[in-house]
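Here the sequence shown stands for residues 146 to 427, numbered as in my numbering.
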Amino acid sequence: MFALKQLYRGSSNLFKANKNTTQLFSLLAKYQQPMMIMNQNRWFSAFVNHRDTEDNREDTPFEFTPENYEQINEIIAKYPSNYKHSAVIPLLFVAQKQNANFLTLSAMNKIAKILDMAPMQVYEVASFYTMFNRTKVGKYHLQVCGTTPCMLRGARDVMQAIREYAHINNDEISEDGLFTISEVECLGACVNAPMMQVNNEWFYEDLTPENTIALLEKWKKGEEPNVGPQINRNCSEGPLGRTSLFKPEEIEGVHERDFVEVKKQYDEAKAKAAAAAAAAKK
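So this is what it looks like as structure tokens:
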């Protein structure tokens, strides 16, 4: 409690004085240790902090590629000019993907400048969401779901197999720089549990220790394995295969209405009904 009070007072004074974000991060780091919380499977800190390293500090060079600047302009154009701050999350993803799944302080500062935001506002977003990596990860960031359906279907065994194969603990980088394993919350593919997401993009489902190691061995050889279920099933079909939607036309094509066309048909029907009613009165 004393540490929390000191942290609150110190951070308040810093904001009132000059909003020196480096000093604030140092203060957060000072009181991090008393506030570490542990359960059986995860370590996490009550406050997130930044510590300068050789490749991650305010003067570390970072510049978006011309291609990514085009993408950034397209993203910002989706928002009203007075709401361009709303583009912060998509821009953080662009920066992280460009920088080998690693979001540096200088990249966040660049985003703050592009969006006319205070750097601290960008830090707050990046430190709130666990999908943003503010420390280095391996080339393949293996984000294994650890919540109830996946856990009951063997996620713990899958994670242990990865740790033993790559000789790492959670959130460490393997010696060859290829792998980092992290336990994450539900990723929404419970029907194909257990599963993992790789680099915030691809889902690999119906995992076992054996087929998971087969995935790692393919990545190690420079090969790209098939995404999705790793057993003989199509998408989320059950063991009996497809039980409905047997005709191709039932599952192919666009399954949504063209509301412009629907409105046109409605207006035409309404006008036709009105004309018929008027004719009936004559």
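Even glycine gets a Cβ: it sits at the ideal position worked out from N, Cα and C.
Between the beta-carbon of PRO294 and that of ALA338 there is about 4 Å, and that keeps the pair under the 8 Å contact cut. For GLY386, the pairing in a beta bridge is given by DSSP as GLY383. For LEU248, the closest C-alpha among the options PRO206, LYS363, LEU332, ILE221 is that of PRO206.
For the pair ILE307 and LEU287, the CB atoms are nearer than the 8 Å cut-off. By the Cβ neighbour-count rule, ARG279 is buried, with 16 or more other Cβ atoms within 10 Å of its own.
Cα atoms of PRO374 and SER381: separation of roughly 8 Å, rounded to the nearest angstrom.
Rounded to whole angstroms, the Cβ separation of PHE277 and GLN241 is 6 Å, and the two are in contact under 8 Å. An exposed status is given to SER389, since fewer than 16 other beta-carbon atoms sit within 10 Å of its beta-carbon.
Pairing LYS284 with LEU323 gives a Cβ-Cβ distance under 8 Å. Boundaries around CYS290 are those of the beta strand (DSSP E), 285-290, since no alpha helix (DSSP H) includes it. The alpha-carbon separation between GLU269 and GLU208 amounts to approximately 21 Å. For PHE348, the three-state secondary structure derived from DSSP is strand.
CA-to-CA, the gap between SER327 and ASN379 works out to about 27 Å.
In the assembly as shown, ASP351 is a buried residue. Its beta-carbon has 16 or more other beta-carbons within 10 Å. Contact between VAL233 and ILE256 holds, since their C-beta atoms are separated by about 7 Å, short of 8 Å. When DSSP states are grouped into helix, strand and coil, GLU328 belongs to the strand group. In this structure, the beta-carbon distance from ASN201 to LEU250 falls below 8 Å.
Of ILE259, ASN194, CYS335, the smallest CA-CA separation from TYR214 is found for ILE259.
Non-local C-beta neighbours of ASP316 in its own chain, meaning closer than 6 Å and more than five positions away in sequence, comprise SER327, ordered along the chain.
With a 10 Å radius around the Cβ and a threshold of 16 neighbouring Cβ atoms, HIS195 comes out buried.
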